[in-house]
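Inspection log for the structure reproduced underneath, given as structure tokens.
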Amino acid sequence: MAILHRALFTWFIFLVFLILLCLRLESRTHWNWFIVFIPMWVYDSILLIYVLFHMVSHCRNGIERFRGTINKNVWYIAAIGLKMAAQIIICIKLEYTKFNLPIYVVMTPIWMLLPVLCVEVFMHLIKHSSRSSRY
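All letters in the sequence shown, in the order written, are residues 1 to 135 by full-length UniProt numbering.
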């Protein structure tokens with residue numbers, strides 16, 4: 001899939017999610033919160049299948065010299081899993097108010113994901129800034 005197609009698909013899914021979210025927050029619909037988050041779960045599922053297919057194709061072809069890409073794909077799977085867990089916990093908190101989940105339980109997957117994501121972006125920037133010229 002070309003980069004342009006992936007970007008357009010990502011923006012389209014995000015737009016559908018925002019429309020459903022606005023409809024739910026304005027009380028125009030009384031849908032379940034799990035229904036509102038369906039576009040995000042569809043996107044995460046497609047992304048997870050893409051990463052798994054990429055990993056299987058590397059392993060099937062016997063490409064052992066790309067050990068770093070397999071480790072990076074495992075990180076992507078973990079990040080997608082944490083994002084999906086955060087979405088599920090947010091839906092549980094919003095839909096079932098009787099459970100009275102504390103905010104630290106709801107935010108735990110996000111707090112686990114954000115520092116590691118910041119380190120990943122920082123390392124990527126350092127690695128690519130040394131290759132390019134200064135100006």
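Ideal placement from N, C-alpha and C gives every residue a C-beta, glycine not left out.
Keep in mind that this is a model prediction, so the values were computed, not measured.
{"Query": "Whole-number beta carbon distance between residue 20 and residue 39, since they are thought to touch under 8 angstroms", "Result": "7 angstroms"}
{"Query": "Contacting residues, own chain, Cβ-Cβ under 8 angstroms from residue 95 (five flanking each side not counted)", "Result": "32, 33 and 34"}
{"Query": "Residue 92 versus 72, 46, 51 and 107, residue with shortest Cα-Cα distance", "Result": "107"}
{"Query": "Contact under 8 angstroms by Cβ, residue 182 with residue 36", "Result": "Beyond the ends of the chain as shown, which are 1 and 135, falls residue 182; an answer cannot be given."}
{"Query": "Cβ-Cβ separation, residue 113 to residue 79 (assumed contact under 8 angstroms), whole Å", "Result": "6 angstroms"}
{"Query": "Span separating the alpha-carbon of residue 97 from that of residue 117", "Result": "30 angstroms"}
{"Query": "Beta carbon of residue 115 nearer than 8 angstroms to that of residue 82", "Result": "no"}
{"Query": "Span of the alpha helix (DSSP H) around residue 60", "Result": "38-60"}
{"Query": "Terminal residues of the alpha helix (DSSP H) in which residue 17 lies", "Result": "3-25"}
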